[in-house]
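*Asks:* Residue 1 in UniProt numbering sits at position 1 of the sequence shown, with consecutive numbering throughout.
Take this structure first; my questions come after.
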Amino acid sequence: MVRTTKFAASEIVDLTGKVAIVTGTSPGGIGAETARQLAIHGAKVYLASRNEQKNQKTVEEITQSSPVGKTLLLETLKLDLSDLAAVRKAADEFKTREERLDILVLNAGIMGCPYSLSKDGFETQFQTNHLAHFLFAKELLPALEAGATASGHPSRVISLTSIGHRFERLYPFASVSFETRELVNRKFGPSVMGNFVRYSQAKLANLLFAREWNRRIGRPGGGKVMAAAVHPGVIRSNLYMYTPGGSLMLRGMLPTADGALSSLYVATSPDLETENSWDVYRGDYGLKHTDSSAARDLKKASDLWELSEDAVKELASVPRTPKAPSA
């Protein structure tokens, strides 16, 4: 189904009995609003963030803003995306607390930050935005499959990408490649330009991850767990802390409540149950968007998956995910 009207929070269906995780739930952000709406509509929601104090503040703010008399099911989960061992620990912790997972929103991210490598040896934006989320989703696959079995509907993985996945073309001397760690770890030019080309690389990875997940695991129309990538729109958020003139840019951007709607549409809409209706890439308000040619490059998608599998096997001792049989 091709949606032609903006999705609204009032369209969210009853989610009673479902379990969700939202990563990156700092107060006032898209993740916090996504968690709030899922909880208001009946889901049990885990807020997964590195900063436990901020996470608890988000829980308090969501609780205070809930409808009178409505008891919300909110839990917190410590998740440090800069450390793959800690990511695996967080997934294991969740699996001791829940048997099923219906909705996984991979919302956490950083943008345009200065060049650095994580303790695991990957460019920081790539690890935070893609690789750690890849590991988290991979480790939660059994719970996602259990959720699908319990509900009779595919569980959903939502990867937050950006229209910024097109920025990789800003660097004229080399294209983004996921063939090796060394290529992923390139600086892509000086200062600000390099920072944002690396951001584009990470956001392209978010989109390719969803496409390759469906090819290997989800099998549209027949798999238990489907994935999609969403561009939330250009939103007022602290992502712009490294952007020159970012505070001025915020004035013309969408509020966070609107920015959460693309994730909420893909996470909850009953429209998206069949192969023909499941688009890998959605834009703001759940509307269909056109991605770049690089985002449809099946070799890039396969290279990214293989690199990610090898990395988490080496760095977090996680075995490769078996490929689902062809539909």
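Even for Gly, the Cβ is constructed at its ideal location relative to N, Cα and C.
All values reported here derive from a predicted model rather than from experimental measurement.
Output the distance between the C-alpha atoms of LEU248 and PRO232, rounded to the nearest integer angstrom.
*Replies:* In the sequence shown, the residue the question calls residue 248 occupies position 248. In the sequence shown, the residue the question calls residue 232 occupies position 232. Confidence is the limiting factor: at LEU248 the pLDDT is only 42, short of 50, which leaves the residue's position unreliable, though a coordinate-based value still follows. Rounded to the nearest angstrom, the two C-alpha atoms are 20 Å apart.
*Asks:* Note down, one range per segment and in chain order, each beta strand (DSSP E) of at least 3 residues found wholly within the region 153–193.
*Replies:* With a minimum length of 3 residues, the continuous beta strand (DSSP E) runs that stay inside the region 153–193 are 155–160.
*Asks:* Give me, in chain order, the residues of the same chain whose beta-carbon lies closer than 7 Å to that of GLU98; leave out the 5 immediate sequence neighbours on both sides.
*Replies:* Sequence index remark: in the sequence shown, residue 98 carries index 98 (1-based). Excluding residues within five positions, the ones whose Cβ falls inside 7 Å are VAL19 and ALA143.
*Asks:* For the ligand HEM, is there any heavy atom lying closer than 7 Å to the beta carbon of PHE7?
*Replies:* What this structure holds is no ligand at all, so the ligand HEM is not there to describe.
*Asks:* So, for GLU52: in the same chain, excluding its five sequence neighbours on each side, which residues have a beta-carbon less than 8 Å away from its beta-carbon?
*Replies:* One-based indexing of the sequence shown puts residue 52 at position 52. Within the same chain, GLU52 has close Cβ partners THR76 and LYS78.
*Asks:* What is the DSSP secondary structure of ALA327, counted as helix, strand or coil?
*Replies:* Position 327 of the sequence shown, counted from the start, is the residue given in the question as residue 327. Note that ALA327 scores a pLDDT of 40, beneath 50, so its modelled location is shaky; the value from the coordinates is reported in the next line. ALA327 falls in the coil class under three-state DSSP.
*Asks:* Am I right that LEU160 and GLN127 are in contact with their C-beta atoms under 8 Å? What's the rounded C-beta distance?
*Replies:* Taking the sequence shown and counting its residues from 1, the one referred to as residue 160 is at position 160. Taking the sequence shown and counting its residues from 1, the one referred to as residue 127 is at position 127. With 8 Å as the limit, LEU160 and GLN127 do not qualify as a contact, their Cβ atoms being about 15 Å apart.
*Asks:* Which residues mark the beginning and the end of the alpha helix (DSSP H) in which SER263 is found?
*Replies:* As a first step, residue 263 is located in the sequence shown; it is residue number 263 there, counting from the start. Taken as a continuous stretch (DSSP letters only), the alpha helix (DSSP H) holding SER263 covers 261–268.
*Asks:* Run through the DSSP bridge pairs and tell me what GLU75 is partnered with.
*Replies:* The residue you call residue 75 lines up with position 75 of the sequence shown. Answer by DSSP bridge pairing, in chain order: TYR46.
*Asks:* Relative to the alpha-carbon of ILE103, which residue among ASP291, THR149 and ILE158 has its alpha-carbon at the smallest distance?
*Replies:* Working through the sequence shown from its first residue, we reach residue 103 at position 103. When each option's Cα is compared against that of ILE103, the closest is ILE158.
*Asks:* Spatial neighbours of LEU84 within its chain, please: CB distance less than 7 Å, with the 5 preceding and 5 following residues excluded, ordered by chain position.
*Replies:* Along the sequence shown, read from residue 1 onward, the residue named residue 84 stands at position 84. So the list reads ASP120, ALA132, LEU135, VAL312, LEU315 and ALA316, once near-sequence residues are dropped.
*Asks:* Less than 8 Å separating the beta-carbons of ASN195 and PHE122?
*Replies:* Counted from its first residue, the sequence shown places residue 195 at position 195. Counted from its first residue, the sequence shown places residue 122 at position 122. No, Cβ-Cβ distance for ASN195 and PHE122 is not below 8 Å.
*Asks:* Can you say whether GLY252 is buried or exposed, counting buried as having 16 or more other CB atoms within 10 angstroms of its CB?
*Replies:* For this step, residue 252 is matched to residue 252 along the sequence shown. For GLY252, the predicted structure reports a pLDDT of 47, less than 50, and the residue's modelled location is therefore unreliable. A value from the coordinates is still provided. Under this definition GLY252 is an exposed residue.
*Asks:* May I ask you to list the residues that DSSP assigns as paired with TYR285?
*Replies:* The residue you call residue 285 lines up with position 285 of the sequence shown. DSSP, once it has assigned bridges, lists no residue as partnering TYR285.
*Asks:* Using the DSSP secondary-structure output, state which residues sit across from ILE235 in a beta bridge.
*Replies:* To locate residue 235, count along the sequence shown from 1; it is residue 235. Its beta-bridge partners are LEU254.
*Asks:* According to DSSP, is VAL225 part of a helix, a strand, or is it coil?
*Replies:* Taking the sequence shown and counting its residues from 1, the one referred to as residue 225 is at position 225. If DSSP states are grouped into helix, strand and coil, VAL225 belongs with the strands.
*Asks:* According to DSSP, which residues form a beta bridge with VAL230?
*Replies:* On the sequence shown, position 230 is the one that residue 230 refers to. VAL230 is bridged to LEU160 and ARG282.
*Asks:* What is the rounded straight-line gap between the Cα of VAL105 and the Cα of PRO190?
*Replies:* Numbered from its first residue, the sequence shown carries residue 105 at position 105. Numbered from its first residue, the sequence shown carries residue 190 at position 190. Those two C-alpha atoms are separated by around 33 Å.
*Asks:* For VAL105, write down the residues that DSSP places opposite it in a beta bridge.
*Replies:* To locate residue 105, count along the sequence shown from 1; it is residue 105. Beta-bridge pairing links VAL105 to VAL22 and ILE158.
*Asks:* Roughly how many whole angstroms lie between the Cα atoms of LEU298 and SER262?
*Replies:* Position 298 of the sequence shown, counted from the first residue, corresponds to residue 298. Position 262 of the sequence shown, counted from the first residue, corresponds to residue 262. Going from the Cα of LEU298 to the Cα of SER262 covers about 24 Å.
*Asks:* What is the DSSP secondary structure of residue 329, reduced to helix, strand or coil?
*Replies:* Outside the shown range of the chain, which is 1 to 327, sits residue 329, and nothing can be said about it.
*Asks:* Considering ALA295, what are the terminal residues of the alpha helix (DSSP H) in which it resides?
*Replies:* As a working note, residue 295 is residue 295 in the sequence shown. Premise fails: ALA295 is in no alpha helix (DSSP H) and is neither H nor E.
*Asks:* Rounded to whole angstroms, what's the CA-CA distance from THR180 to GLN64? Just pull it up for me.
*Replies:* Numbered from its first residue, the sequence shown carries residue 180 at position 180. Numbered from its first residue, the sequence shown carries residue 64 at position 64. Taking the straight line joining both Cα atoms gives about 47 Å.
*Asks:* Alpha carbon to alpha carbon, how far is HIS165 from ARG292? Give it in angstroms, no decimals.
*Replies:* For this step, residue 292 is matched to residue 292 along the sequence shown. For this step, residue 165 is matched to residue 165 along the sequence shown. As written in the sequence, residue 292 is Ser, which differs from the Arg given in the question. Answer to the nearest angstrom: the Cα atoms are 8 Å apart.
*Asks:* Should residue 332 and THR25 be called a contact, given that it needs their Cβ atoms to be closer than 8 Å?
*Replies:* With the chain covering 1 to 327 only, the question about residue 332 has no answer from this structure.
*Asks:* Output needed for ASP279: all residues of its chain with C-beta closer than 6 Å, excluding positions within five of it in sequence on either side, in chain order.
*Replies:* Numbered from its first residue, the sequence shown carries residue 279 at position 279. Cβ neighbours of ASP279 beyond the five flanking positions: LYS288.
*Asks:* So SER151 is in the alpha helix (DSSP H); what residue range does that whole segment cover?
*Replies:* Along the sequence shown, read from residue 1 onward, the residue named residue 151 stands at position 151. Element bounds for SER151: 141–151.
*Asks:* Please report how far the alpha carbon of GLY69 lies from the alpha carbon of MET193, in whole angstroms.
*Replies:* Indexing the sequence shown from 1 puts residue 69 at position 69. Indexing the sequence shown from 1 puts residue 193 at position 193. The alpha-carbon atoms of GLY69 and MET193 are separated by roughly 50 Å.
*Asks:* Do you know how far the Cα of PRO27 is from the Cα of ASN107?
*Replies:* Taking the first residue of the sequence shown as position 1, residue 107 is located at position 107. Taking the first residue of the sequence shown as position 1, residue 27 is located at position 27. Going from the Cα of ASN107 to the Cα of PRO27 covers about 13 Å.
*Asks:* Following the continuous alpha helix (DSSP H) through ALA32, name the residue where it begins and the one where it ends.
*Replies:* The count along the sequence shown starts at 1 and reaches residue 32 at position 32. Run containing ALA32: 30–40, per the alpha helix (DSSP H) assignment.
*Asks:* On a Cα-Cα basis, can you pick out the residue from ILE40, ILE163 and SER308 that is closest to TYR281?
*Replies:* By 1-based counting over the sequence shown, the position of residue 281 is 281. Checking every option, the nearest Cα to that of TYR281 belongs to ILE163.
*Asks:* Buried or exposed for ASP14, please, with buried defined as at least 16 other CB atoms from any protein chain shown within 10 angstroms of its CB.
*Replies:* The residue you call residue 14 lines up with position 14 of the sequence shown. Exposed.
*Asks:* If you reduce the DSSP assignment to three classes, tell me which class residue 328 lands in.
*Replies:* Since the first residue of the chain shown is 1 and the last is 327, residue 328 is not available in this structure.
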